[in-house]
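A.B. asks:
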Amino acid sequence: MTEPPQAPAETPQAFAETPTASADPPPQTPAQVRRRATLAGVVVSALLIVAIVLGSRLLRDFDSALLPYAVATVFLAFGVAYRYTVWISAPGARRLFKQGWRAFFSVENFRRAPTALPKMIATYLGFQKFLGARSHARWAAHQLIFWGCVLAALITFPLTWGWFTFTSSTGSGPGYEMRIWGFKVLGFDSLNVVGWLMFHGLDIAAVLVIPGACYFLWRRMKDRAAITGQRFAYDLVPLIALIVISVTGLLLTFSSIFLHGGGYEFLAILHMVSVVFTLIYIPFGKFFHIVQRPAAVGMQLFKYTSRGKAGTAAGAAATAAGTAGAVVGGGAAAGGEEGLLTCRRCGEPIDAALYVENLQGTMRDLRLDFDEWAEYCPRCKRVLRGNAYLTHIKKGFK
Amino acid sequence: MMGRTIFIDPGRCIGCQACVSACRECDSHRGKSMIHLDYPEEGRSVASLPTVCMHCEDPVAPCAEVCPADAILVTADGVVQQADTTRCIGCANCVNACPFGVPKIDLQAKLQMKCNLCYDRTAYGLAPMCATVCPTGALFYGTLEELRAERPGVQVADSFTFGSTTISTGVAMVVPADKVQWPVPGGLPIVEVNGVDVR
Ligand code: SF4
Ligand code: SF4
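The listed protein sequences derive, respectively, from chains D and Y. For what it's worth, the numbering used here labels the leading residue of the first sequence as 4, then goes sequentially. For what it's worth, the numbering used here labels the leading residue of the second sequence as 112, then goes sequentially.
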């Protein structure tokens, strides 16, 4: 499958001076976007290298055995920053990105809804309630993978960067000290529960991830909806990678406890290769949704805060379309909610007025010059097209 | 460019809802129908119009272009897929931008869904569910030659106008022979129908 082109490569001269174009930023050429994305990637990965050097107390705490992992995270930082920049340079994402942040810093957000954002973050990003509405089983499996990966990332990233150290004043335990950036934060006994948890955090993460990933793998083999349009590299490789990482990780523990380190070196290499591959793959495949998903919160917050702006929205939407937009203004308007745009034909609510206005801007950026059409509900669009067919093409459909 | 696709002939549609029921059986959205059946002149005529995704080709898939999450993918053979479940953030951009009023959205699940030309079937050369069950041939699946073999001399159009924009589509519509030179009007700008203001 190919992704549809997001921005026209060049602006045709005939379109350069549309009346509304002046208000919108000019579309960027792909070369400009690539340049900016490369710059973002370089800056972010350089910052990470600096953070690693400083955080590991000028590499004194850096564990050279973990070097390949650390290098992979630097590539990851570059890839994510690059892909992210390319992503938010496309018209739809760029406008949403801006509006999401604008909504976050808006008076409405702080005045009306100081709790809205944390709540949205918890329900969308943490507990992923929307997945429950899709399927309970998928929600449960995804939660297992999600929390497993969060746990694993919280442990391994700082560890590979040399930010965490575990030292024992008595040589080999059982009393340990955990230090972050050289500062002692926690002292614990490796023989008690805290100690056990500290040393087996990654095993717990693996135990969470394996059943979740196996469920999804099973579903990819059996569920006909999942199989439709499924691609090996996009849909199956990430699951296989998660399973390989988790299983080899568990086997490492198994080897050191029960086999006196038998096969440890081979497993360690396999584990390292799978982790490094997965980290580098994150920006380019399915895992990129981890980076994209927070846009859902920005989108929701934007819609949420724009509901309060009935008056301005009415004017803005009307000017945007160059026509009298039908906005239900004021809280008392019959049948409508504040700040909602309603269908110009049937009066059914469409969406937050400012949201539709934002979409119309996106459509103009993309030279989809029928943005006025966005003020009609989908059903009215179909009915009006049916009417036009009846009138102009086949009278009475005969 | 028309290959094997759906041809819609609203003149043959009797509004029986068979396609609506059959669409529910499609594996990629089991239990939910994605086809729309509208009665444009409800109360005045029995005219009915089935709407499937038109798989817009030029400009390619406006729904996908406005999607902020790159969730709508287009296959190499030009089929515009429904939203990728891992990417879609449920923003409804596609719903409001689609000129044909096609995509549906589940706001709880934060997920867009739409007709994907029964990709699980058409990718293997089978007809989509709707065209398989349509009793009158209002929804026909095949090549233009196959359509003409059944309906000699029939003309089809695969471009639609919305204001100043013309959109050419992968799915085509049957039109009377003398009208084929035009793109089919898409409903914008809004016009009067039989002297009745439909605005
Ligand atoms: S008809 Fe609508 S949903 Fe289908 S490809 Fe065109 S814009 Fe997208
Ligand atoms: S609802 Fe989903 S598919 Fe539609 S535009 Fe928004 S993110 Fe894209």
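Glycine included, every Cβ here is placed at the ideal spot set by N, Cα and C. Fair warning: this is a prediction, and the values are worked out from it, not measured in the lab.
(1) Do you know offhand how far D:Arg348's Cα is from D:Ala244's?
(2) Tell me whether Y:His147 sits in a helix, a strand or coil according to DSSP, three-state version.
(3) Taking just the CA atoms, how far does D:Leu255 sit from D:His292?
(4) For D:Tyr87, which residues of its own chain have a beta-carbon under 7 Å away from its beta-carbon, when the five flanking residues on both sides are left out?
(5) Sorted by chain position, which residues of the same chain lie with C-beta nearer than 8 Å to D:Ser172's C-beta, five sequence neighbours on each side aside?
(6) Pull up the distance between the alpha-carbon of Y:Gly114 and that of Y:Pro121, whole angstroms please.
(7) For a test of your reading of the model: does the CB of Y:Arg198 fall under 8 Å from any non-hydrogen atom of ligand 2? Yes or no.
(8) Nearest chain Y C-beta to D:Trp2 closer than 9 Å, yes or no?
(9) When the Cβ atoms of the segment 210-226 of chain Y are set against those of the segment 165-176 of chain Y, are three or more pairs found closer than 8 Å?
(10) Short check: CB of D:Lys384 to CB of Y:Phe251, under 9 Å?
(11) In chain D, which residues lie with their C-beta within 7 Å of the C-beta of Y:His147?
(12) For my contact list, D:Phe219 and D:Ala136 are in at a C-beta cut-off of 8 Å; report their separation, rounded to the angstrom.
(13) Counting contacts by CB-CB distance shorter than 9 Å, is D:Trp104 in contact with chain Y?
(14) If you draw a straight line from the C-alpha of Y:Ala208 to the C-alpha of D:Asp226, how long is it?
(15) Anything in chain Y within Cβ reach of D:Ile353, meaning under 7 Å, just list it in chain order.
(16) Tell me whether Y:Tyr230 is buried or exposed, calling it buried when 16 or more other Cβ atoms sit within 10 Å of its Cβ.
(17) What's the C-alpha gap between D:Phe373 and Y:Phe273?
(18) In chain order, what are the residue ranges of uninterrupted alpha helix (DSSP H) at least 4 long that sit wholly in the segment 269-296 of chain D?
(19) Is it true that the CB of Y:Phe118 sits closer than 9 Å to the CB of Y:Val295?
(20) So, at 6 Å on beta carbons, what are the nonlocal neighbours of D:Asp64 in its own chain, with the 5 sequence-adjacent residues on each side left out?
(21) Taking D:Ser249 as the reference, give the member of D:Pro71, D:Ala43, D:Leu99 and D:Ile148 with the closest Cα.
(22) Could you tell me whether the Cβ of D:Pro381 comes closer than 9 Å to any Cβ of chain Y?
(23) Taking the beta carbon of D:Arg98 as the centre, do at least 16 other beta carbons fall within 10 Å, making it buried, or is it exposed?
(24) Which residue or residues does DSSP assign as beta-bridge partners of Y:Cys241?
(25) For D:Ala231, does the count of other Cβ atoms within 10 angstroms reach 16, so buried, or fall short, so exposed?
(26) To which residues of the same chain is D:Pro71 closer than 8 Å at the C-beta, ignoring the five residues directly before and after it?
(27) For D:Tyr218, report the span of its alpha helix (DSSP H) as first-last.
C.D. replies: On the basis of the data shown:
(1) In the first sequence, the residue the question calls residue 348 of chain D occupies position 345. In the first sequence, the residue the question calls residue 244 of chain D occupies position 241. Rounded to the nearest angstrom, the two C-alpha atoms are 51 Å apart.
(2) Here the question's residue 147 of chain Y lines up with position 36 in the second sequence. Reduced to three states, the DSSP call for Y:His147 is strand.
(3) Residue mapping note: residue 292 of chain D aligns to position 289 of the first sequence, counting from 1. Residue mapping note: residue 255 of chain D aligns to position 252 of the first sequence, counting from 1. Straight-line Cα distance between these residues: approximately 30 Å.
(4) The residue given as residue 87 of chain D occupies position 84 in the first sequence. Closer than 7 Å at the Cβ level, and outside the excluded window around D:Tyr87, lie Val294.
(5) Numbered from its first residue, the first sequence carries residue 172 of chain D at position 169. Only Gly178 and Glu180 meet the Cβ criterion.
(6) The residue you call residue 114 of chain Y lines up with position 3 of the second sequence. The residue you call residue 121 of chain Y lines up with position 10 of the second sequence. Spanning the two alpha carbons is a distance of roughly 20 Å.
(7) Translated into the one-based positions of the second sequence, residue 198 of chain Y becomes position 87. Under cutoff, so the answer is yes.
(8) Residue coverage of chain D in this structure runs from 4 to 401, which leaves residue 2 of chain D outside it and unanswerable.
(9) The segment 210-226 of chain Y makes contact with the segment 165-176 of chain Y: 3 or more CB pairs, one atom from each, lie closer than 8 Å.
(10) For the purposes of this step, residue 384 of chain D is taken as the residue at position 381 of the first sequence. For the purposes of this step, residue 251 of chain Y is taken as the residue at position 140 of the second sequence. For D:Lys384 and Y:Phe251, no; Cβs fall outside 9 Å.
(11) Here residue 147 of chain Y refers to the residue found at position 36 of the second sequence. Under the 7 Å cutoff, chain D gives Arg385.
(12) In the first sequence, the residue the question calls residue 219 of chain D occupies position 216. In the first sequence, the residue the question calls residue 136 of chain D occupies position 133. Actually they do not touch by this definition, with Cβ atoms about 18 Å apart.
(13) For this step, residue 104 of chain D is matched to residue 101 along the first sequence. By this cut-off, D:Trp104 is not an interface position.
(14) Looking up residue 208 of chain Y in the second sequence gives position 97. Looking up residue 226 of chain D in the first sequence gives position 223. Roughly 31 Å between the two C-alpha positions.
(15) Within the first sequence, the letter at position 350 stands for residue 353 of chain D. Those are Asn207, listed as they occur along chain Y.
(16) On the second sequence, position 119 is the one that residue 230 of chain Y refers to. The residue in question, Y:Tyr230, is buried, as its Cβ has 16 or more Cβ neighbours within 10 Å.
(17) As a first step, residue 373 of chain D is located in the first sequence; it is residue number 370 there, counting from the start. As a first step, residue 273 of chain Y is located in the second sequence; it is residue number 162 there, counting from the start. About 6 Å.
(18) 292-295
(19) Sequence index remark: in the second sequence, residue 295 of chain Y carries index 184 (1-based). Sequence index remark: in the second sequence, residue 118 of chain Y carries index 7 (1-based). No, these two residues do not count as a Cβ contact at 9 Å.
(20) On the first sequence, position 61 is the one that residue 64 of chain D refers to. Once the five neighbours on either side are set aside, the close Cβ partners of D:Asp64 are Gly165 and Thr168.
(21) By 1-based counting over the first sequence, the position of residue 249 of chain D is 246. Ranking the options by Cα distance to D:Ser249, first place goes to D:Ile148.
(22) On the first sequence, position 378 is the one that residue 381 of chain D refers to. Taking Cβ atoms only, chain Y reaches closer than 9 Å to D:Pro381, which makes this a yes.
(23) Position 95 of the first sequence, counted from the first residue, corresponds to residue 98 of chain D. So D:Arg98 counts as buried.
(24) If you number the second sequence from 1, residue 241 of chain Y lands on position 130. Bridge partners of Y:Cys241: none, in fact.
(25) To locate residue 231 of chain D, count along the first sequence from 1; it is residue 228. Just to set this straight, residue 231 of chain D is Thr in the shown sequence, not Ala. By the 10 Å Cβ count, D:Thr231 comes out buried.
(26) Along the first sequence, read from residue 1 onward, the residue named residue 71 of chain D stands at position 68. So the list reads Met275 and Val279, once near-sequence residues are dropped.
(27) As a first step, residue 218 of chain D must be located in the first sequence, where it is residue number 215. It spans Val196 to Lys225 - the alpha helix (DSSP H) in which D:Tyr218 sits, taken as one unbroken run.
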